[in-house]
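Counting in numbering that gives the first Met the number 0, the sequence shown runs from 0 upward without gaps.
Remarks on the structure that follows.
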Amino acid sequence: MSTSSSPSPDPGWYEIRLQGQLDSSWAEWFDGLTLTADSDGTTTLTGPVADQAALHGLMRRVGDLGVPLISVNPLRRRHS
């Protein structure tokens with residue numbers, strides 16, 4: 000019996016917008032995503048998310064924090 004291991008998928012990039020402003024000290028809690036405090040009073044989290052399970056984990060953290068979620072948008076893959 001032969002088994003082939005498929006390569007790990009590239010992480011997807013996401014932009015997550017939250018109501019309210021969080022400073023960059025929250026980046027570690029949000030798995031290292033980049034946090035940007037926007038002039039309209041929102042915070043944008045941007046970066047790679049390993050898979051759907053990780054995305055759902057991030058959404059649970061948003062819920063635990065109690066800040067309103069504005070949007071979750073997949074971004075085109077970033078090239079290093």
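Note that beta-carbon positions come from the ideal geometry of N, C-alpha and C, so glycine has one too.
Predicted model only: the values in this text are computed from it and were never measured.
Taken atom to atom, the span from the alpha-carbon of T43 to that of L21 is near 9 Å. Exclusion of the five residues before and after G46 leaves L32, T33 as the residues of its chain whose Cβ lies within less than 6 Å of its Cβ. In the three-state reduction of the DSSP assignment, L57 falls in the helix class. Looking at the backbone, the Cα of A49 and that of P10 are separated by about 4 Å. Under a 10 Å Cβ-count criterion, I15 is classified as buried, with 16 or more other Cβ atoms of the shown protein chains found around its own Cβ.
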